[in-house]
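Going by numbering that gives the first Met the number 0, the letters in the sequence shown line up with residues 0 to 173, in that order.
Just so you know, even glycine gets a beta-carbon here, dropped at the ideal spot from N, CA and C.
Data block below; observations after.
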Amino acid sequence: MEFYDVVLTRRSVRSYKPDMLSEEVLGRVMEAVRMAPSGSNKQPWRFILVSDPGLRGRLVPICNNQSFIGEAPVVVVACGQDVNYNRGGYMGEMTFLVDVSIAFTHMILAARAEGLGTCWIGDFENEKVKELLGIPEDWDVVVVSPLGYPSGNAFKETDRRKPMPEVLSRDGFG
């Protein structure tokens, strides 16, 4: 799939087929995560692939009961850790949020190129997800996403984006 087609057709998918992902496809998607850039190449992330149906089901109530999360054959939980890198001179211990988000974006674009759907979930209970998956205290969950083949026409056109003049300016904010 052409890169710009990937970018232009990526959507948040909220309905999944139960079809399992091949190890080859999953490997290519996760290789995109591994190759993502990070500040000073610190790579402050750990991605957990949850494929056990019982665990996936237990994630649903701690992700605000978004049932589609448990439909996908895999749920990805992206975690980050403070690595004492103060991005921009003001982000401090939350710098890892940027790096994990970059890696996660690599994942969702690679997933789209493979015909897979994702949905960036920010509505979760950090401490409960950490407890469920045995995530150490000094790590935090940044994002949760189902990963699987969409059911229906998930990649349809959208006009729900701001026009270019509202998101882009040159030589100053104005």
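Per DSSP, cross-strand counterpart(s) of residue i
i      : result
Pro145 : Val74
Gly79  : Trp44, Asp139
Ser39  : Paired residues: none, contrary to the question.
CA-to-CA distance, residue j to residue i, given in whole angstroms
i      : j      : result
Arg33  : Gly133 : 22 Å
Pro135 : Lys129 : 7 Å
Tyr3   : Glu23  : 23 Å
Val97  : Tyr89  : 13 Å
Phe67  : Tyr15  : 7 Å
Residue i classed as buried or exposed, judged by whether at least 16 other C-beta atoms fall within 10 angstroms
i      : result
Arg174 : No answer is possible for residue 174: the residues shown for the chain start at 0 and end at 173.
Asp122 : exposed
Gly56  : exposed
Asp158 : exposed
Residue i, DSSP secondary structure in three states
i      : result
Phe95  : helix
Gly116 : strand
Ser150 : coil
Ser11  : strand
CB contact below 7 Å: residue i versus chain B
i     : result
Ala31 : The displayed structure is made up of one protein chain only, and chain B is not part of it.
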